[in-house]
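From first to last, the protein sequence lines stand for chains A and B.
In my numbering, each residue carries its 1-based index in the first sequence increased by 578.
In my numbering, each residue carries its 1-based index in the second sequence increased by 5.
Built from N, CA and C at the ideal position, the CB exists for glycine as well.
Have a look at the structure below before the remarks.
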Amino acid sequence: DGGITQSPKYLFRKEGQNVTLSCEQNLNHDAMYWYRQDPGQGLRLIYYSQIVNDFQKGDIAEGYSVSREKKESFPLTVTSAQKNPTAFYLCASSPNFDEQYFGPGTRLTVT
Amino acid sequence: KQEVTQIPAALSVPEGENLVLNCSFTDSAIYNLQWFRQDPGKGLTSLLLIQSSQREQTSGRLNASLDKSSGRSTLYIAASQPGDSATYLCAVYTNAGKSTFGDGTTLTVKP
């Protein structure tokens, strides 16, 4: 059963704590992406990776970190430096950088 | 800088109506264009991908067309159903692999 999985679906954290969101794909895609979506707003790119052990900042990378140690996995850490972390986070992958396929998302709430 | 606009932001139609959703982009030098559907609280589901050499794609009651010279794509939904209610987003991709998403059109189909 091929696809992109994100876990957990809902995540609650206290302010000041780091939290890591999981994204796994078994589509053998080279590229992976992290987006943030806020109510009534469009997608904003946080980080992307076109190959293992390499990743690039997107438009809103401050307060976030990523790693790409395996082709299948691209975890996102939301650090305490992110001023407004409550949002819906979407992970995507791409076989050739000109089409994307998305996971189901993780809703993070920080109080 | 590529900008993608989807107008209207929201649309409400009675069941059975044929409708057209619009996606406009400012830089015509795109490679692919992809249409997505997003249900509330869910990830993006890919509907149609129009590759650079194509002018349209069809899947069931959906037909998407692309006119790169005028910077426009349309998504045609035939015989709309309440289950079509969702937010529809378009994304354009450049040759450099960069993607730009529109903010989406939220469609409500009333029984």
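For glutamine 678 (chain A) and chain B, any beta-carbon pair shorter than 8 Å? Counting from 1 along the first sequence, the entry for residue 678 (chain A) is found at position 100. Interface residue, yes.
Using the three-state DSSP reduction, which class does proline 19 (chain B) fall into: helix, strand or coil? As a working note, residue 19 (chain B) is residue 14 in the second sequence. It is a strand residue.
Are there 16 or more other CB atoms within 10 angstroms of the CB of glutamate 677 (chain A), so buried, or fewer, so exposed? Here residue 677 (chain A) is taken as the residue at index 99 of the first sequence, counted from 1. Burial is judged here by how many other beta carbons sit within 10 angstroms of a residue's own beta carbon; glutamate 677 (chain A) has at least 16 and is buried.
Chain A partners of aspartate 32 (chain B), CB-CB under 7 Å? For the purposes of this step, residue 32 (chain B) is identified with residue 27 of the second sequence, where counting begins at 1. Going along chain A, no residue has its Cβ under 7 Å from aspartate 32 (chain B), so there is no contact; the nearest lies around 15 Å.
Looking at the structure shown, is aspartate 89 (chain B) part of a helix, part of a strand, or coil, going by DSSP? On the second sequence, position 84 is the one that residue 89 (chain B) refers to. Helix.
Residue closest to alanine 83 (chain B), alpha-carbon to alpha-carbon, out of B:Thr63, B:Ala101, B:Cys95 and B:Tyr36: If you number the second sequence from 1, residue 83 (chain B) lands on position 78. Residue B:Thr63 is the option with its Cα nearest to alanine 83 (chain B).
Tell me which residues share the same chain as glutamine 628 (chain A) and place their Cβ nearer than 8 Å to its Cβ, disregarding the 5 neighbours each side in the sequence. Your numbering for residue 628 (chain A) matches position 50 in the first sequence. Shown here for glutamine 628 (chain A): same chain residues with a beta carbon closer than 8 Å to its own, the five before and five after excluded, namely Asp608, Ala609, Gln634 and Phe675 in chain order.
Between which two residues does the beta strand (DSSP E) holding serine 627 (chain A) run? Along the first sequence, read from residue 1 onward, the residue named residue 627 (chain A) stands at position 49. Run containing serine 627 (chain A): 621-629, per the beta strand (DSSP E) assignment.
Is the stretch 22-33 of chain B in contact with the stretch 607-626 of chain A, if contact means three or more CB pairs nearer than 8 Å? Too few Cβ pairs lie closer than 8 Å, so no.
Glutamine 11 (chain B) by DSSP, collapsed to three states: which one? Along the second sequence, read from residue 1 onward, the residue named residue 11 (chain B) stands at position 6. The three-state secondary structure of glutamine 11 (chain B), taken from DSSP, is coil.
Taking the beta carbon of alanine 96 (chain B) as the centre, do at least 16 other beta carbons fall within 10 Å, making it buried, or is it exposed? For the purposes of this step, residue 96 (chain B) is identified with residue 91 of the second sequence, where counting begins at 1. Result: buried.
Beta carbon proximity, proline 682 (chain A) to chain B, threshold 8 Å: The count along the first sequence starts at 1 and reaches residue 682 (chain A) at position 104. Yes, because at least one Cβ of chain B sits closer than 8 Å to the Cβ of proline 682 (chain A).
So with Cβ pairs under 8 Å, would you call glycine 581 (chain A) a contact of chain B? Locating residue 581 (chain A) in the first sequence gives position 3, where the first residue counts as 1. Closer than 8 Å to the CB of glycine 581 (chain A) there is not a single CB belonging to chain B.
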